[in-house]
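Presented below is the structure to which this report refers.
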Amino acid sequence: MRRPVTIRQVARRARVAPSTVSRVISGKGRVGEETKRRVIKAMEELNYHPNSLARSLVSGASRKLGVMLPRMTGQWYQDTMITELLRGIASSARKADYDLLLASGESGIEELSSLDRLLQGKRVDGVVLLGAGEDDRLLDRLTEAGFPFVRIGRHEFRTDILSVDTDNRAAGQDAVRHLTELGHEKIGFAIGPRGLTASWDRLEGYELALKKSGIVPAKEWLLEGDALTLSANRTLSLFLGQPNPPTALVVGDDRLGIAVIRALAELGIPVPEKLALVAFNNSSMADWTTPSLTSMDIGIDQIGFEAVELLLRSLTDGELQGRSLTVPHRLVARESTLGTRRPGGIPFSAKPR
Numbered sequence: 001m002r003r004p005v006t007i008r009q010v011a012r013r014a015r016v017a018p019s020t021v022s023r024v025i026s027g028k029g030r031v032g033e034e035t036k037r038r039v040i041k042a043m044e045e046l047n048y049h050p051n052s053l054a055r056s057l058v059s060g061a062s063r064k065l066g067v068m069l070p071r072m073t074g075q076w077y078q079d080t081m082i083t084e085l086l087r088g089i090a091s092s093a094r095k096a097d098y099d100l101l102l103a104s105g106e107s108g109i110e111e112l113s114s115l116d117r118l119l120q121g122k123r124v125d126g127v128v129l130l131g132a133g134e135d136d137r138l139l140d141r142l143t144e145a146g147f148p149f150v151r152i153g154r155h156e157f158r159t160d161i162l163s164v165d166t167d168n169r170a171a172g173q174d175a176v177r178h179l180t181e182l183g184h185e186k187i188g189f190a191i192g193p194r195g196l197t198a199s200w201d202r203l204e205g206y207e208l209a210l211k212k213s214g215i216v217p218a219k220e221w222l223l224e225g226d227a228l229t230l231s232a233n234r235t236l237s238l239f240l241g242q243p244n245p246p247t248a249l250v251v252g253d254d255r256l257g258i259a260v261i262r263a264l265a266e267l268g269i270p271v272p273e274k275l276a277l278v279a280f281n282n283s284s285m286a287d288w289t290t291p292s293l294t295s296m297d298i299g300i301d302q303i304g305f306e307a308v309e310l311l312l313r314s315l316t317d318g319e320l321q322g323r324s325l326t327v328p329h330r331l332v333a334r335e336s337t338l339g340t341r342r343p344g345g346i347p348f349s350a351k352p353r
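According to UniProt numbering, the sequence shown is numbered sequentially starting from 1.
In structure tokens:
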């Protein structure tokens with residue numbers, strides 16, 4: 001097997017010192033244009049491609065990013081959202097020639113310990129936080145250490161950090177607008193995890209959209225998403241058994257939407273004839289159920305991709321602190337709201353506010 005080419009071999013071919021080759025690879029330090037051309041030509045002739053270890057030794061950077069996963073006990077792992085986020089993160093990191101180190105924990109203490117291991121010895125150049133709403137101690141630790149990081153999801157109070165999200169308030173409005181345009185006036189809403197800012201933003205958007213349509217929201221139209229998760233049949237029986245029940249429902253994700261469709265089928269309640277349904281995330285699961293599920297595409301993989309791009313920019317631009325990036329959303333209308341009136345569904349563009 002042919003041995004890999006080394007920096008010293010490139011230096012001999014280019015008739016320069018190994019340190020000069022290192023400066024060309026890192027892009028740091030002064031190197032004359034003629035010398036740089038000789039080094040690059042030698043690298044091409046020898047088919048030399050500097051690996052991440054060589055680049056890190058030359059530049060002092062690890063060429064690795066840390067990804068703090070949500071707690072292993074959370075609901076993040078019960079649907080495809082985490083997969084979509086990681087796909088976007090990995091794609092962006094690969095484009096920039098960075099590797100990823102994943103870390104997680106089952107409690108706040110374990111998460112802090114995992115984060116500390118990432119930070120020790122500068123194993124990574126920056127960190128992407130997923131599901132960080134559960135414990136602000138992670139944000140505090142990174143901020144105190146002055147370590148570059150970006151958060152997936154807007155933080156209600158921390159405006160000093162980098163974050164990437166969709167406009168969940170506008171998305172909640174657009175979900176309701178779709179239903180009111182179909183003639184619905186009594187629209188229910190399943191509140192998501194209360195520890196997430198997105199849950200409250202969507203609820204605010206829901207209430208605002210109803211008011212804009214001249215509809216007074218009723219507290220009886222609100223459901224706890226956790227109750228649906230634990231017992232969809234019982235919760236929906238009580239919800240729809242009330243006098244003058246809602247004719248439509250907005251839920252927090254596709255996994256929950258599919259559970260609702262299954263429970264309604266067991267209860268003999270047709271969708272959307274008796275209850276129209278809108279979910280969030282627009283995962284591949286939305287097409288797996290019958291009827292297919294109308295869902296808000298919040299650009300999950302794009303959120304992951306943009307998070308890495310923003311983090312990498314922050315490594316060279318300290319002025320980026322406190323910037324929040326918003327990824328566009330759009331509603332994909334399917335049978336759970338359209339029924340047989342529009343076979344196959346229609347595209348429904350929900351332009352961000």
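Virtual Cβ for every residue (Gly too), placed ideally from N, Cα, C.
- Here the region 250-258 lies against the region 277-287, with 3 or more beta-carbon pairs under 8 Å apart.
- Closest in C-alpha terms to S107, from the list A209, P70, I40, comes P70.
- Secondary structure note for M43: its alpha helix (DSSP H) is the uninterrupted segment 33-45.
- Residue nearest to L210 within the set H178, S237, R141, A232 is H178 (criterion: CA-CA distance).
- For G257, the enclosing alpha helix (DSSP H) begins and ends at 254-266.
- Here DSSP, grouped into helix, strand and coil, assigns I152 to strand.
- From the listed residues L312, T326, Q173, the smallest Cα separation to A96 is found for L312.
- Within the region 88-136, the complete alpha helix (DSSP H) segments of 4 residues or longer fall at 108-119, listed in chain order.
- Every beta strand (DSSP E) of 3 residues or more that sits fully in the region 197-254 is shown, in chain order, as 222-224, 248-250.
- Cβ contact annotation for D201 (same chain, cutoff 6 Å, sequence separation greater than five): N168, R169, in chain order.
- One alpha carbon belongs to R151, the other to I161, and they sit about 8 Å apart.
- Taking a C-beta distance under 7 Å as the contact criterion, V67 and L100 qualify as a contact pair.
- Inclusion of E306 and V164 in the CB contact set at 7 Å is warranted, their separation being smaller than that value.
- Here the region 184-202 does not lie against the region 287-295, with fewer than 3 beta-carbon pairs under 8 Å apart.
- In this model, A103 and R334 are separated by some 37 Å (Cα to Cα).
- Where F305 is concerned, the enclosing alpha helix (DSSP H) starts and stops at 300-316.
- Under the three-pair Cβ rule at 8 Å, the region 152-159 does not count as touching the region 222-230.
- For D125, the closest alpha carbon among the candidates S113, G88, L142 is that of L142.
- Sorting I269, I300, P270 by C-alpha distance to the C-alpha of S283 places I300 at the top.
- The alpha-carbon separation between Y206 and P4 amounts to approximately 60 Å.
- For V10, the enclosing alpha helix (DSSP H) begins and ends at 7-14.
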